[in-house]
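Residue numbers (our numbering), protein chains in the order written: chain X, 1 to 199; chain R, 1 to 199; chain B, 1 to 199; chain E, 1 to 199.
Backbone N, C-alpha and C fix where the C-beta goes; we use that ideal spot for every residue, glycine too.
Since the model is a prediction, treat every value here as computed from it, not as a measurement.
As structure tokens, the structure follows; a few thoughts come after it.
There are 4 protein chains.
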Amino acid sequence: MPKKSEAKRRRIKEVALRVFAEKGFAKARISEIARQAGVADGTIYLYYKSKDDLLIRIFEEEMDGIIPQVRERVAKGRSAREKLSSFIDAHFEIVESRPDLATVLEIELRQSNTFVRNHLKQKFKEYLDIIAEIVLEGQQRGEIRPDISPSVAKQAVFGALDDISQNWLVLQPRKVKLSEFAPDVKKILLDGLCLHPAT
Amino acid sequence: MPKKSEAKRRRIKEVALRVFAEKGFAKARISEIARQAGVADGTIYLYYKSKDDLLIRIFEEEMDGIIPQVRERVAKGRSAREKLSSFIDAHFEIVESRPDLATVLEIELRQSNTFVRNHLKQKFKEYLDIIAEIVLEGQQRGEIRPDISPSVAKQAVFGALDDISQNWLVLQPRKVKLSEFAPDVKKILLDGLCLHPAT
Amino acid sequence: MPKKSEAKRRRIKEVALRVFAEKGFAKARISEIARQAGVADGTIYLYYKSKDDLLIRIFEEEMDGIIPQVRERVAKGRSAREKLSSFIDAHFEIVESRPDLATVLEIELRQSNTFVRNHLKQKFKEYLDIIAEIVLEGQQRGEIRPDISPSVAKQAVFGALDDISQNWLVLQPRKVKLSEFAPDVKKILLDGLCLHPAT
Amino acid sequence: MPKKSEAKRRRIKEVALRVFAEKGFAKARISEIARQAGVADGTIYLYYKSKDDLLIRIFEEEMDGIIPQVRERVAKGRSAREKLSSFIDAHFEIVESRPDLATVLEIELRQSNTFVRNHLKQKFKEYLDIIAEIVLEGQQRGEIRPDISPSVAKQAVFGALDDISQNWLVLQPRKVKLSEFAPDVKKILLDGLCLHPAT
DNA sequence: GATGAATGAGTTTTCATTCAT
DNA sequence: AATGAATGAAAACTCATTCAT
Chain X
1 MPKKSEAKRR RIKEVALRVF AEKGFAKARI SEIARQAGVA DGTIYLYYKS KDDLLIRIFE
61 EEMDGIIPQV RERVAKGRSA REKLSSFIDA HFEIVESRPD LATVLEIELR QSNTFVRNHL
121 KQKFKEYLDI IAEIVLEGQQ RGEIRPDISP SVAKQAVFGA LDDISQNWLV LQPRKVKLSE
181 FAPDVKKILL DGLCLHPAT
Chain R
1 MPKKSEAKRR RIKEVALRVF AEKGFAKARI SEIARQAGVA DGTIYLYYKS KDDLLIRIFE
61 EEMDGIIPQV RERVAKGRSA REKLSSFIDA HFEIVESRPD LATVLEIELR QSNTFVRNHL
121 KQKFKEYLDI IAEIVLEGQQ RGEIRPDISP SVAKQAVFGA LDDISQNWLV LQPRKVKLSE
181 FAPDVKKILL DGLCLHPAT
Chain B
1 MPKKSEAKRR RIKEVALRVF AEKGFAKARI SEIARQAGVA DGTIYLYYKS KDDLLIRIFE
61 EEMDGIIPQV RERVAKGRSA REKLSSFIDA HFEIVESRPD LATVLEIELR QSNTFVRNHL
121 KQKFKEYLDI IAEIVLEGQQ RGEIRPDISP SVAKQAVFGA LDDISQNWLV LQPRKVKLSE
181 FAPDVKKILL DGLCLHPAT
Chain E
1 MPKKSEAKRR RIKEVALRVF AEKGFAKARI SEIARQAGVA DGTIYLYYKS KDDLLIRIFE
61 EEMDGIIPQV RERVAKGRSA REKLSSFIDA HFEIVESRPD LATVLEIELR QSNTFVRNHL
121 KQKFKEYLDI IAEIVLEGQQ RGEIRPDISP SVAKQAVFGA LDDISQNWLV LQPRKVKLSE
181 FAPDVKKILL DGLCLHPAT
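And the structure:
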């Protein structure tokens with residue numbers, strides 16, 4: 001594919017991401033994306049099969065950039081604790097630096113039609129599995145409690161991060177940085193809420 | 001007897017909940033709800049102002065039933081740990097016994113139009129605040145780590161429960177009971193993932 | 001028919017006239033008329049066959065009251081000029097004293113569906129014919145120009161009165177009395193606009 | 001070539017005018033207009049914002065063609081009498097040659113919803129003011145009776161013309177030409193009905 | 001490659017009227 | 001006579017997608 005086209009594809013992608021974030025996928029108009037990208041409506045269909053395809057491919061391309069980044073960062077941690085801590089930091093930083101992306105992913109991931117959702121979830125699993133891998137490895141190395149399912153841990157950790165991120169995203173006047181929540185989240189997930197261990 | 005038929009109102013509500021869960025709010029058709037409820041399309045509008053109103057009122061009525069129930073159950077716990085444990089059990093039991101309701105609430109809460117979402121969120125906050133109250137009281141009684149924001153704890157706990165519930169709901173062949181995840185979730189949230197406390 | 005029913009019929013008629021004038025026939029709701037009349041929706045249909053019938057019969061009953069009144073008043077005039085003058089005064093006075101009625105008649109007479117309009121026009125012709133009769137008789141008595149068709153005269157006179165009445169009705173703050181226009185209208189219709197007769 | 005097809009816009013306008021005249025604005029169906037114009041329903045909305053907009057713009061465009069034409073014709077008259085005479089002729093000729101247009105204007109001008117009516121009335125005032133101007137100028141030149149309000153004269157003249165035009169339009173088998181009424185109308189409005197001036 | 005005019009499927013809601021009580 | 005709950009037909013408008021140029 002010629003370079004010229006690649007630039008256009010990128011412009012469409014960037015505009016689409018912004019419009020999806022602003023209006024939500026359902027209310028976003030192809031004609032609005034075309035207008036802002038400076039192309040004709042029909043041109044979008046030369047680069048993307050459909051509106052659904054546009055969302056799916058934006059998501060996949062972004063995740064393909066993010067996942068290795070997060071993996072690399074997590075790899076630097078010397079213990080499971082450090083790795084989980086890095087994951088939490090990385091997640092919050094991504095949400096903070098790419099709010100449009102985060103808004104689209106976190107919100108559209110749950111709605112959209114089944115077709116789109118299934119595509120998104122598939123790619124998303126790769127991201128979530130980073131957590132599961134850390135937990136499993138930590139258990140093997142005796143750093144993580146062995147009596148917890150890595151799958152449940154994965155969901156619990158991501159659910160917590162996601163809920164906090166989402167609430168932060170909808171708070172219009174973001175006076176507070178999302179990363180400020182990281183310490184508390186780490187305490188809860190890594191060390192638990194309770195002071196006295198269960199008997 | 002109240003104005004119009006209370007039984008008919010209930011039948012419409014039950015059918016609507018089922019159809020909303022199956023199709024999603026946006027794709028649910030008033031005509032389909034009417035057909036399944038055995039009434040004319042127009043009859044729905046004698047009981048509910050609009051499709052939006054139908055969703056909002058189903059949600060509010062259900063939450064008004066659920067919140068006191070959960071509160072009562074939580075109140076029986078003698079410690080913050082027991083109360084949180086009860087909340088987790090209660091949440092999973094509700095999702096398990098009312099999957100339609102849970103599907104509608106958890107999914108529509110994030111999408112729908114702004115008008116509907118705002119209504120839903122407002123009522124939903126009452127539910128989430130049960131967690132925040134437990135945490136705050138637990139901190140005052142020296143049972144919960146004092147260095148954690150109740151608000152962050154609330155979001156982390158609910159996020160974890162919600163993510164697990166949602167994943168369970170979309171797993172079509174529900175071979176496993178949701179409540180089986182409760183022990184692991186409690187371990188994580190109450191005692192943490194790590195074996196060795198942070199230095 | 002018992003007296004009790006007659007009172008109810010009249011109440012329905014009066015309320016309907018007011019609601020038709022306020023909202024227009026199309027936007028008027030049977031349920032609103034019923035509510036204001038203090039009866040059930042269905043009760044209206046014991047007295048009137050349909051919404052159309054309600055309009056038609058209000059119109060006919062009112063015209064049956066008005067036509068003899070105007071005829072009587074016109075009869076007192078000793079010349080065609082006096083009779084036409086009386087007709088103009090009478091018309092303006094009716095519009096002024098019964099604005100609801102005038103609004104409904106003048107506006108709905110032109111719209112509504114064909115069925116209704118035909119009914120209304122039929123009864124309305126009786127009213128307009130008062131003018132034609134004055135003109136014809138005036139011509140026979142040498143008071144009115146013989147070279148004018150009574151039918152054209154009838155339409156011209158009524159059209160002029162009607163247009164002025166209608167404009168007055170839509171002027172919300174009726175600071176000026178409609179009857180103040182009578183002298184000018186009489187000058188125009190009875191004596192003409194021009195100072196120098198056609199050559 | 002202008003954006004989209006001007007020919008298509010015109011075809012839609014012409015068809016719409018015909019359908020509005022036949023069915024009335026309220027009963028006219030967009031789908032019927034589209035079918036007769038040989039376009040898809042949605043295409044109408046590429047050219048006109050809404051059904052209301054379609055009516056308003058047809059009206060305004062037609063009046064923008066008619067008003068200068070009538071003004072020009074009236075300007076040729078050397079006296080107020082001649083000018084009024086020309087106005088009457090012009091009005092009847094327009095109604096006769098464009099019965100669809102006249103039907104839509106005369107009927108919808110009075111009904112429609114407030115939004116539409118206000119738009120129509122505004123443009124219509126320009127037309128009526130031609131009469132007022134003739135009268136005012138005639139009064140200044142001593143050709144028209146000075147003791148008559150130009151506004152009342154305007155309403156009386158237009159009301160007369162309008163009522164006659166409308167009656168002619170609803171007479172289905174138009175055996176008689178509308179312009180045949182012009183001489184009588186001129187006699188009445190210009191010279192008055194009465195033979196003996198008021199004392 | 002690019003355009004943008006054209007397509008046409010799809011659904012909530014209102015309200016006059018009915019009829020069982 | 002009166003009620004009022006129930007009925008169900010009916011129509012404007014949007015917007016993703018296509019395809020002739």
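Check	Outcome
Using a Cβ cut-off of 8 Å, which residues of the region 140 to 161 of chain R contact any Cβ in chain X, in chain order?	142, 143, 144, 145, 147, 148, 149, 152, 153, 155, 156, 157, 158, 159, 160, 161
So, does the region 14 to 28 of chain X touch the region 42 to 60 of chain X, judging by three or more C-beta pairs under 8 Å?	yes
Could you give the DSSP three-state label for residue 1 (chain R): helix, strand or coil?	Only weak support exists for where residue 1 (chain R) lies, its pLDDT of 34 falling under 50; the value from the coordinates is given anyway. If DSSP states are grouped into helix, strand and coil, residue 1 (chain R) belongs with coil.
Tell me the residue span of the alpha helix (DSSP H) that contains residue 44 (chain E).	41 to 47
So residue 65 (chain X) is in the alpha helix (DSSP H); what residue range does that whole segment cover?	51 to 75
Against chain B, with Cβ distances strictly below 9 Å, would residue 56 (chain E) count as a contact?	no
Under 8 Å Cβ-Cβ, which residues of chain R neighbour residue 185 (chain X)?	152, 156
Hey, out of R:108, R:18, R:17, R:143, whose CA is closest to residue 79 (chain R)'s CA?	R:143
Out of X:65, X:137, X:120, X:59, which has the shortest C-alpha to C-alpha gap to residue 83 (chain X)?	X:137
Looking only at C-alpha atoms, which of R:48, R:108, R:81, R:150 sits nearest to residue 187 (chain R)?	R:81
Could you tell me whether any Cβ in chain B is nearer than 9 Å to the Cβ of residue 190 (chain E)?	yes
Taking 9 Å as the CB-CB cut-off, is residue 26 (chain X) touching chain R?	yes
Name the chain X residues whose beta carbon is nearer than 7 Å to that of residue 167 (chain R)?	155
At 9 Å on the CB atoms, spell out the chain B contacts of residue 12 (chain E), in chain order.	Here the premise fails: no neighbours, minimum Cβ distance about 24 Å.
Compile a chain-ordered list of the residues in the region 87 to 103 of chain X whose CB is closer than 8 Å to at least one CB of chain R.	none
Mapping DSSP to helix, strand and coil, what is residue 144 (chain E)?	strand
How would you list, in chain order, the residues of chain R whose beta-carbon sits under 9 Å from the beta-carbon of residue 124 (chain X)?	Under the 9 Å cutoff, chain R gives no residues; its nearest Cβ is about 11 Å from residue 124 (chain X).
Does the beta carbon of residue 38 (chain E) come closer than 9 Å to any beta carbon on chain B?	no
Check whether the Cβ of residue 65 (chain X) sits closer than 8 Å to any heavy atom of the ligand SAH, and report yes or no.	Ligands in the displayed structure: none, and consequently the ligand SAH is not present.
Does any CB atom of chain B fall closer than 9 Å to the CB of residue 80 (chain E)?	yes
What is the rounded straight-line gap between the Cα of residue 121 (chain B) and the Cα of residue 39 (chain X)?	59 Å
Please classify residue 85 (chain R) as buried or exposed, where buried requires at least 16 neighbouring CB atoms within 10 angstroms.	buried
Out of R:6, R:169, R:161, R:14, point me to the one whose CA is closest to residue 89 (chain R)'s CA.	R:161
With a CB to CB cut of under 6 Å and the five nearest residues on each side skipped, what residues in its chain are close to residue 150 (chain R)?	132, 135, 136
Since residue 30 (chain B) meets chain E, which of its residues come closer than 9 Å, beta carbon to beta carbon?	The contacting residues do not exist; residue 30 (chain B) stays about 18 Å from chain E at best.
Can you pull the chain B neighbours of residue 64 (chain E), defined as C-beta to C-beta under 8 Å?	Here the premise fails: no neighbours, minimum Cβ distance about 23 Å.
Excluding sequence positions up to five away, which residues of its chain have a Cβ less than 6 Å from the Cβ of residue 42 (chain X)?	none
Does the Cβ of residue 72 (chain R) have 16 or more other Cβ atoms within 10 Å, making it buried, or fewer, making it exposed?	exposed
Assuming residue 155 (chain R) contacts residue 167 (chain X) under a Cβ cut-off of 8 Å, what Cβ separation, rounded to an integer in Å, is found between them?	6 Å
If contacts are defined as beta-carbon pairs under 8 Å, then residue 100 (chain X) and residue 21 (chain X) qualify, I think. What distance do you get, rounded to the angstrom?	4 Å
Would you verify that the beta carbon of residue 2 (chain B) is, or is not, closer than 9 Å to some beta carbon of chain E?	With a pLDDT of only 46 at residue 2 (chain B), under 50, the local geometry of the prediction cannot be trusted, and the value read off the model is given with reservation. No - not a single Cβ of chain E is within 9 Å of the one on residue 2 (chain B).
Taking the straight line between their C-alpha atoms, what separation do you get for residue 127 (chain R) and residue 13 (chain E)?	58 Å
Applying a beta-carbon distance threshold of less than 7 Å, which residues of chain E neighbour residue 181 (chain B)?	152
Can you tell me which of R:63, R:123, R:77 puts its alpha carbon nearest to the alpha carbon of residue 94 (chain R)?	R:63
Please report whether the beta-carbon of residue 84 (chain X) lies at a distance below 9 Å from any beta-carbon of chain R.	yes
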